[in-house]
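Its first residue numbered 21, the sequence shown is counted upward by one per residue in the working numbering.
Every residue, glycine too, gets a C-beta built ideally from N, C-alpha and C.
Comments concern the structure below.
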Amino acid sequence: MSELTFEQMLEESLKTIHTGEVVEGTVIDVKPEEAILNIGYKSDGVLTRNEYTNEPNVDLTKVIKVGDTMEVKVLKVNDGEGQVTLTYKRLAADRGNKRIEEAFNNKEVLKAKVSQVLDGGLSVIVDEVRIFIPASLVSDSYEKDLSKYAGQEIEFVISEYNPKRRRYIGDRRQLLVAEKQEKQQRKAEDNKRRHTDIKWDRLDNTAHLFPVIAGESMSNVYRIAVTLKEEVQPEYLQQALDIVLPKFPGFNLRLRQGIFWYYFEENGKSAPRVQEERHFPCRFIRQNKNHSYLFRVTYYKCRINLEVFHVLTDGMGGINFLKELTYQYLRLVHPELKEKLGDKLSSDTSMNREDSFLKNYKHSYAKGYKTKKAYLIKGEKLRTDEFGVIHGFVKIPALKEVCHKYGVSINEYLVAAFAYSVYREYLHGMPDKRPIRVAVPVNLRPYFNSITTKNFFTVVSAEFEPVEDSYTFEEVLKITTESLHQQINKEHLEELFSYNVSNEKLLVARAVPLFLKNIAMRYVYTSAALANTSTVTNIGNVKVEEDYQPYIKMFYAFLAMSKGQNIKGTICSYQDTLAFTFSSVLKDTSLQRGFFRKLSEDGLNVEIESNGVYYE
21 MSELTFEQML EESLKTIHTG EVVEGTVIDV KPEEAILNIG YKSDGVLTRN
71 EYTNEPNVDL TKVIKVGDTM EVKVLKVNDG EGQVTLTYKR LAADRGNKRI
121 EEAFNNKEVL KAKVSQVLDG GLSVIVDEVR IFIPASLVSD SYEKDLSKYA
171 GQEIEFVISE YNPKRRRYIG DRRQLLVAEK QEKQQRKAED NKRRHTDIKW
221 DRLDNTAHLF PVIAGESMSN VYRIAVTLKE EVQPEYLQQA LDIVLPKFPG
271 FNLRLRQGIF WYYFEENGKS APRVQEERHF PCRFIRQNKN HSYLFRVTYY
321 KCRINLEVFH VLTDGMGGIN FLKELTYQYL RLVHPELKEK LGDKLSSDTS
371 MNREDSFLKN YKHSYAKGYK TKKAYLIKGE KLRTDEFGVI HGFVKIPALK
421 EVCHKYGVSI NEYLVAAFAY SVYREYLHGM PDKRPIRVAV PVNLRPYFNS
471 ITTKNFFTVV SAEFEPVEDS YTFEEVLKIT TESLHQQINK EHLEELFSYN
521 VSNEKLLVAR AVPLFLKNIA MRYVYTSAAL ANTSTVTNIG NVKVEEDYQP
571 YIKMFYAFLA MSKGQNIKGT ICSYQDTLAF TFSSVLKDTS LQRGFFRKLS
621 EDGLNVEIES NGVYYE
């Protein structure tokens with residue numbers, strides 16, 4: 021037996037290939053117009069741009085990397101220069117044909133980006149199979165100019181499948197027609213249901229004010245948001261809202277105007293559309309543009325936003341709804357959660373809709389709210405359509421240590437830091453006849469054993485009157501904390517809200533037509549509003565069920581502006597992190613900087629985030 025040379029042995033070791041054979045290769049070189057693959061043959065394989073994809077002008081260096089393995093089809097064993105010519109798109113098309121055939125037989129809805137706008141229609145590519153959508157099947161109405169579809173992702177079905185003639189026809193029109201028919205049917209069902217079983221409900225005592233004063237310039241809308249550890253999938257968020265909303269009678273409402281009072285009526289329409297956030301937050305909610313609902317749900321990257329017209333509920337009711345919406349969304353995105361936990365509302369989610377103001381009311385002769393004008397924060401405002409948001413995140417264990425040093429609660433410390441920052445940054449440490457008065461909403465539920473999802477809060481104030489020069493932070497802290505201690509007790513809180521309820525219960529007041537009530541309420545509100553410098557509210561620590569915690573990063577909240585209050589603060593915490601959020605319509609950020617500087621001076625590490633209005 022004769023010995024083989026090294027070259028002969030190498031030749032023998034290399035496999036033989038044939039035209040039309042599917043082989044696996046490793047990319048050893050990539051240029052914009054071609055890639056070279058080692059296919060285990062004596063010659064390397066060449067894959068040109070035109071044989072990679074039907075997409076025009078693709079830079080192969082952007083889609084293929086050296087070291088990638090690919091399945092390709094042999095076009096020519098020898099292209100005349102000793103190299104093997106390969107194709108990827110034809111192999112993909114062979115497999116794509118089967119995919120298109122299945123879609124045709126199953127009437128499956130496909131989604132693809134428009135690759136070309138042609139004279140007679142649109143061209144899309146699905147798995148390297150080119151599909152033509154005639155102009156007559158693009159829309160349910162005639163469209164002369166189809167250029168707006170260029171680069172857009174559209175949905176369609178396959179209406180004609182003829183692989184022999186390479187004729188693949190898509191149809192978008194029938195989907196649009198079917199969608200319209202479905203909406204019409206759903207609307208008819210909604211109307212039928214609404215006219216056969218209409219339920220109504222009274223507004224709680226606090227809620228009476230909000231429809232009177234709300235408008236484009238003062239929305240009375242607050243936001244509570246949750247940030248997830250993954251980007252939001254809007255289709256699942258919409259499904260989650262569709263599922264959760266009917267379970268919440270307190271959100272399934274619309275506002276109606278009666279002769280003597282505003283009142284709620286069961287809505288019954290389909291849920292409002294979930295949309296990507298494209299505007300500044302806390303805008304006025306127009307019922308006629310929101311399926312008559314008094315809340316909206318938006319998303320941005322990893323964040324889900326719930327914005328609520330305050331007439332519906334306070335922050336506790338908003339948290340209640342947002343948590344269940346988030347749970348349902350996560351169960352849809354992660355079916356293993358649904359399999360483990362089921363699809364019911366959490367046991368600690370309240371559906372209670374009692375008017376706790378009326379239930380706990382006691383006849384009161386207490387005076388109303390303070391009306392002496394407070395120091396008001398003024399300055400050049402942002403554009404009408406702008407809204408500034410700055411978050412400061414601190415770790416709660418470190419914050420507790422600071423508060424322990426001062427001998428106060430977290431809420432007292434942060435409210436005092438807010439008042440002190442107003443004093444330093446706007447009054448520059450000088451005396452003023454007007455008090456710095458920070459309105460502090462108090463959740464009344466713990467004091468009266470209530471679990472209502474209606475509004476149930478009252479407002480006290482942390483007051484500091486700078487009558488002397490150069491107050492230290494410790495002095496401001498002592499003054500504001502003492503003022504809060506005098507007010508935050510069950511007896512005083514009961515007197516505050518009972519005063520409001522007593523006005524509502526007056527027989528004379530009940531008989532007054534609504535338009536006259538509105539005039540009176542606007543007057544009283546204006547006087548009370550100008551008596552506060554700002555508002556700092558504490559949503560509290562948001563508790564989340566253990567199984568959902570790995571998917572949730574943070575919660576935060578903030579308020580819209582109100583009369584005389586151009587900047588506000590909101591406290592919200594989750595696990596070991598607290599967020600203090602400033603919402604503002606002022607260009608100046610000295611108060612925010614002074615506040616966070618004070619926290620830093622006390623040894624706290626503060627991480628700052630903004631919505632982009634402020635860049636410094």
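Backbone secondary structure at residue i - three-state DSSP
i	result
Thr36	coil
Thr216	For Thr216, the predicted structure reports a pLDDT of 45, less than 50, and the residue's modelled location is therefore unreliable. A value from the coordinates is still provided. Looking at Thr216 - three-state DSSP - the assignment turns out to be helix.
Arg617	helix
Glu91	strand
Phe329	strand
Leu223	coil
Thr68	strand
Gln595	coil
Ile508	coil
Thr557	strand
Gln103	coil
Glu163	coil
Gly632	coil
Gln295	strand
Lys82	helix
Tyr395	coil
Val241	strand
Glu19	The structure shown does not extend to residue 19, since the chain is modelled only from 21 to 636, so the question has no answer here.
Lys537	helix
Lys207	helix
Lys96	strand
Lys364	coil
Lys498	helix
Lys289	coil
Same chain only: Cβ atoms within 6 Å of residue i, ignoring 5 sequence neighbours per side
i	result
Glu32	Residue placement at Glu32 is flagged as unreliable, the pLDDT there being 49, under the threshold of 50; a coordinate-derived value is accordingly withheld.
Ser179	Ile189, Asp191
Asn552	Ala394, Arg457, Ala459
His215	Here His215 scores only 48 on pLDDT, less than 50, and its place in the model should not be relied on; the value that follows carries that caveat. No residues qualify anywhere along the chain.
Thr81	Val50, Pro52
Ala132	Val144, Val146
Own chain, CB closer than 8 Å to residue i, minus 5 neighbours either side, in chain order
i	result
Tyr545	Leu229, Val232, Ile233, Lys583
Arg465	Met336, Ser376, Ile471, Thr472, Phe476
Lys420	Ile430
His383	Ser518, Ser522
Glu621	none
Thr39	Val94, Leu95, Lys96, Val97
Test item: CB-CB of residue i and residue j under 8 Å
i	j	result
Val246	Ile324	yes
Leu142	Ile397	no
Val633	Lys401	no
His347	Tyr181	Sequence inspection shows Tyr at residue 347; the His mentioned does not correspond to that position. No. Outside cutoff.
Val462	Thr601	no
Val521	Leu378	yes
Phe413	Thr597	yes
Ser630	Lys588	no
Ile84	Ala55	yes
Leu130	Met90	no
Asn310	Arg316	yes
Arg193	Asp160	yes
Glu432	Cys322	no
Ala439	Val496	yes
For residue i: DSSP bridge partner residues
i	result
Phe602	Ile410, Gly589
Gly190	Ile178
Met574	Thr247
Ser481	Ala459
Arg150	Ile145
Val317	Leu326
Lys563	Beta-bridge pairing links Lys563 to no other residue.
Asn58	Thr46
Tyr283	Arg222, Arg276
Leu130	Phe176
Val137	Leu142
Ser582	Gln585
Contact set for residue i: own chain, Cβ-Cβ below 7 Å, skip 5 residues either direction
i	result
Glu445	Ser610, Leu611, Gly614
Val480	Val460, Val462, Leu504, Gln507, Ile508
Ser312	Arg274, Asn287, Lys289
Would you say the segment 69-83 touches the segment 97-111, given that touching needs at least three Cβ pairs under 8 Å? Yes, they touch.
At least three beta-carbon pairs within less than 8 Å, the segment 360-370 to the segment 576-595: The segment 360-370, when compared against the segment 576-595, does not touch it at the 8 Å Cβ threshold.
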